[in-house]
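What follows is a set of notes on a single structure, which appears directly below.
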Amino acid sequence: MNFSKLIKSLFLFFIFTTSLYSENLKKITIQLSWFDQFQFAGYYMAKEKGFYKELGLDVEIKPFEFGIDIPKEVSDGKIDFAVGRETLILERTKNRNIVALYALFQATPLILISTKESGINTINDFSNKKIMTTIDDSSEVSLKAMIISNKVKVEDLNFLKHTHNINDLLNKNTDVISAYISKAPFQLNQKSVEYNIFDPKHFGFDMYSDMLYTSENLINRDLNAVLLFKKASLKGWEYAYSNIQESADLIYKKYNSEKLTKAELIYEGRELKKLSYFKTANLGEIKKDKIQRIYDLYNLMGLIDTPIDLEKFVFDLNNLKNLTFSESELKYLEKKDTLSMCVIPNAMPYSDIKNDEFVGFVADYMHLIEEKIKKPIKLIPTQSWAESLKFAADRKCDILPSAVWTEERDDIFSFTKPYLNIPFVLLTKSDTSFINNITQLSHIDSSK
């Protein structure tokens, strides 16, 4: 296989050539988990910059209100999307069919703070002290694990109802207060108050927070809307973090029910950006092993009443067993007795046709899809990649089992998310020096 074919095979997609977008904007709702602040800048910017509209979505951002059972509203289909913390795992144990799409913060912004004046300088000083938290804060395993790991018993703490007023710490109405690292330190610095921060990630408990989630029902009913909303939201967050000043200006002018200053918003944006890229370069990354660790900690503390299937809690489009279709895709399939697929032979281990049978690991994925859609897929052999592209553009085949995205092709085809990424490397013999100059490749005999 030549070098250009290797590059073309880096990302494999299966493609339906039906239109992905609707001419009419689809109405979508997202419920915020708290009052207006930079914590939701990505959603504001996605709306204001037209990222949602570009993908056919008309998004309503619903402001936070006390008393709303947000996970239940999402599970019941009254709200399409919402933002939630690690405690969503506990909500899933209540038979709420919520699914996490991504985790914006790779470590929780939630911390505990004491003043230097209080003399509470370590977690060991917490015993018999007053700690002001919300119900969600006190339930977060990141805080509990941090406290318990320092051999302090939770039952020895006096929890107070949160007033959300930092002055209660200064007036000694509480000894310790839960707060966001992106907000409280700024407020205390403005007041010239010295303080101690107790941050879970410094104790090894870097739990997820601000997960975007939806319901299984919406995923099953309209997968395209879920994928498009996720894509536009992440684009909004990328823009917000790349343009913190502009985003702060917008929030200050249009989304400022809390009357925050621009300086507060800029400080918050910079701190949250650190958490979003904590130990990762992938915005919104959510790993199942980390979710498993959070679940195990909750279970260890006796907070899991009913075991849950984490495979269903974390959205994974790559898991073809859970492949779902939108209403428009289902209608398209209903009209087709068979689907035709262009296949390039002699391209193993990716694809080939032997004895009229499609083989190769691309074929393995397509066999799974064939089983799912309950429609036979007719093979149309082509002589080259260029011919496959032309056949698909001319509607001589419905599917290309593998393709590389380009802007030009985006005008013709609808691309799915990659279902396989192949990390290619270059090898030399053990007795040959390492190739340092790419121009040396032209002198290598690839047949040996």
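Mapping of the sequence shown onto our numbering: position 102 corresponds to residue 431, and the numbering continues sequentially without gaps.
We put the beta carbon where it would ideally sit given N, CA and C, even for glycine.
- Under the DSSP assignment, E389 falls in the beta strand (DSSP E) whose first and last residues are 386–391.
- The way I'd put it, the stretch 559–575 does touch the stretch 356–373; three or more beta-carbon pairs between them come closer than 8 Å.
- For K617, the CB contacts under 6 Å within the same chain, skipping 5 residues up- and downstream, are V643 in chain order.
- For L441, the enclosing beta strand (DSSP E) stretches over residues 439–444.
- Under the three-pair Cβ rule at 8 Å, the stretch 584–594 does not count as touching the stretch 483–500.
- A contact between stretches requires three or more CB pairs, one per stretch, nearer than 8 Å, and the stretch 373–391 fails this requirement with the stretch 522–531.
- Here the stretch 538–557 does not lie against the stretch 511–518, with fewer than 3 beta-carbon pairs under 8 Å apart.
- Under DSSP, S507 forms a beta bridge with L441.
- Taking a contact as a CB-CB distance under 8 Å, the pair Y542 and L417 counts as one, their CB atoms being some 6 Å apart.
- Fewer than three Cβ pairs drawn from the stretch 543–562 and the stretch 664–676 lie within less than 8 Å of each other, which leaves the two stretches out of contact.
- By the 16-neighbour rule on beta-carbons within 10 angstroms, I741 is exposed.
- Less than 8 Å separates the beta-carbon of I709 from that of S669.
- When the beta-carbon positions are compared, L594 and A577 come within less than 8 Å of each other.
- Annotation: A432 to G413 spans about 9 Å, alpha carbon to alpha carbon.
- Beta-bridge pairing by DSSP links V481 to no other residue.
- Segment contact: the stretch 433–442 against the stretch 454–472, three or more CB-CB distances shorter than 8 Å; contact assigned.
- Along the length of the stretch 623–708, whole beta strand (DSSP E) runs at least 3 residues long occupy 668–672, 681–683, 686–688, reported in chain order.
- Cα atoms of I495 and K520: separation of roughly 11 Å, rounded to the nearest angstrom.
- When the Cα atoms are used, K482 and F558 turn out to be separated by approximately 43 Å.
- For S538, the uninterrupted beta strand (DSSP E) segment begins and ends at 538–544.
- With fewer than 16 other beta carbons inside 10 angstroms of its own, F395 counts as exposed.
- N496: not part of any beta strand (DSSP E); member of the alpha helix (DSSP H) spanning 496–499, first to last residue.
- Counting only runs of at least 3 residues, the stretch 398–445 fully encloses the following beta strand (DSSP E) elements, listed from N- to C-terminal order: 410–413, 427–434, 439–444.
- For P710, the secondary structure class from DSSP, reduced to helix, strand or coil, is strand.
- With contacts defined as CB atoms closer than 8 Å, I506 and V428 fail to qualify as a contacting pair.
- For N553, the enclosing alpha helix (DSSP H) has its first and last residue at 552–571.
- Under DSSP, T462 takes part in a beta bridge, and its partners are K490.
- Of the other Cβ atoms in all chains shown, 16 or more fall within 10 Å of the Cβ of A436; this residue is therefore buried.
- Residue state for N525 is assigned as strand, using DSSP reduced to three classes.
- DSSP places Q519 outside any beta strand (DSSP E); the residue lies instead in the alpha helix (DSSP H), whose first and last residues are 513–519.
- Between F687 and M695, the C-beta gap is smaller than 8 Å, which places the two residues in contact.
- In this structure, N426 lies near S544, with their beta-carbon atoms less than 8 Å apart.
- A direct Cα-Cα distance of roughly 22 Å separates K391 from Y570.
- When beta bridges are read from the DSSP output, K355 appears opposite L386.
- Taking all protein chains shown into account, T492 has fewer than 16 neighbouring C-beta atoms within 10 Å of its C-beta and is therefore exposed.
- A buried status is given to T503, since no fewer than 16 other beta-carbon atoms sit within 10 Å of its beta-carbon.
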